[in-house]
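Please read the structure below before turning to the comments.
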Amino acid sequence: SLADSNVCKIVLLGCPGVGKTALTVRYMTKRFIGEYCPTLESIYKCYTTIDDEDVRLEILDTAGLEHDGWKDGYALWADCFIFVYSITDRYSFDEIINIKRQVEEVRRSTSVCGILVGNKSDLLHDRQVPANEASELADEIGCKFHEVSAADWTQFDDIKNMFHGLHRENRRQKFLR
Ligand code: GDP
Numbered sequence: 020s021l022a023d024s025n026v027c028k029i030v031l032l033g034c035p036g037v038g039k040t041a042l043t044v045r046y047m048t049k050r051f052i053g054e055y056c057p058t059l060e061s062i063y064k065c066y067t068t069i070d071d072e073d074v075r076l077e078i079l080d081t082a083g084l085e086h087d088g089w090k091d092g093y094a095l096w097a098d099c100f101i102f103v104y105s106i107t108d109r110y111s112f113d114e115i116i117n118i119k120r121q122v123e124e125v126r127r128s129t130s131v132c133g134i135l136v137g138n139k140s141d142l143l144h145d146r147q148v149p150a151n152e153a154s155e156l157a158d159e160i161g162c163k164f165h166e167v168s169a170a171d172w173t174q175f176d177d178i179k180n181m182f183h184g185l186h187r188e189n190r191r192q193k194f195l196r
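Heads up, the sequence shown stops at 196 in the UniProt record's numbering, and the numbers go up one at a time, no gaps.
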């Protein structure tokens, strides 16, 4: 069995439609999924090797869980968070600060391990959120920032590195604790 530091529980949080499922599926299967059942809550378990160590990533896609009651449990369950907005949806970006605050309240801690992800970077002509503004928010909330497209297959490695980087950061923080 794997050491605690080699298991990383990740939750994707963000407004409906920003691409949480698409990002998860892209990472898990290298494919882009446009159709899925939005009411299903799923924990994907993925075994991989990161820095020569066997690692299990458990990824919870919260699409379809946007009602009250689930948030507290999953915010406590997770080791780290992917805060997702869509670069084409200003509202989804403005909500990130509130989502982060909810997580901090539930965990009674402001040191939350997470990254900020602007998805749908292929839709540049519909951009509503400038990258530099998102980068500033990331600094403010203490997260690294990535802009990606789950729809663009050439970005598979970027999306993979994003998940793996989150594991590294989580492991680093676990050792510091
Ligand atoms: P969720 O509700 O956050 O899980 O969002 P989904 O993953 O279901 O995606 C919502 C919609 O956006 C779907 O129609 C996806 O096909 C689409 N979508 C997701 N990611 C991207 C992306 O990177 N680019 C584009 N163009 N569409 C995307």
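Positions of the beta carbon are idealized from the N, C-alpha and C atoms, including for glycine.
Exposure label - residue i; buried when at least 16 CB within 10 Å
i, result
"Gly53", "Per-residue confidence for Gly53 stands at a pLDDT of 46, beneath the threshold of 50, marking its modelled position as unreliable; no derived number is given."
"Ala150", "exposed"
"Ala94", "buried"
"Asn117", "exposed"
"Gly38", "buried"
"Thr58", "In this prediction, Thr58 has a pLDDT of 46, which is less than 50 and means its spatial position is unreliable; what the coordinates show is noted afterwards. By the 10 Å Cβ count, Thr58 comes out exposed."
"Ser111", "buried"
"Asp71", "exposed"
"Cys56", "Residue placement at Cys56 is poorly supported in this model, since its pLDDT is 48, which falls under 50; the coordinates still yield a value, given next. When all chains shown are included, Cys56 counts as exposed."
"Phe194", "exposed"
beta-carbon residue i near the ligand GDP non-hydrogen atom, thresh 7 angstroms
i, result
"Asp141", "yes"
"residue 1", "With the chain covering only 20 through 196, there is no way to say anything about residue 1."
"Ala41", "yes"
"Asn189", "no"
"Ser168", "yes"
"Gly133", "no"
"Asn25", "no"
"Val37", "yes"
"Asn151", "no"
"Gly33", "yes"
"Asn138", "yes"
Extent of the continuous beta strand (DSSP E) to which residue i belongs
i, result
"Thr68", "Ser61 to Ile69"
"Arg75", "Glu72 to Asp80"
"His183", "Premise fails: His183 lies in the alpha helix (DSSP H), Phe175 to Leu195, not in any beta strand (DSSP E)."
Presumed contact (8 angstroms Cβ cut-off) between residue i and residue j, rounded CB distance
i, j, result
"Leu42", "Ile160", "Between Ile160 and Leu42 the Cβ distance is about 19 angstroms, and since that is not below 8 angstroms, they are no contact."
"Thr67", "Leu76", "7 angstroms"
"Ser24", "Arg190", "5 angstroms"
"Arg146", "Ile106", "5 angstroms"
First through last residue of the alpha helix (DSSP H) which encompasses residue i
i, result
"Glu123", "Ile115 to Arg126"
"Ser154", "Ala150 to Ile160"
Item checked: Inter-stretch contact (C-beta, 8 angstroms, three-pair minimum) for the segment 131-140 and the segment 160-171 -> yes
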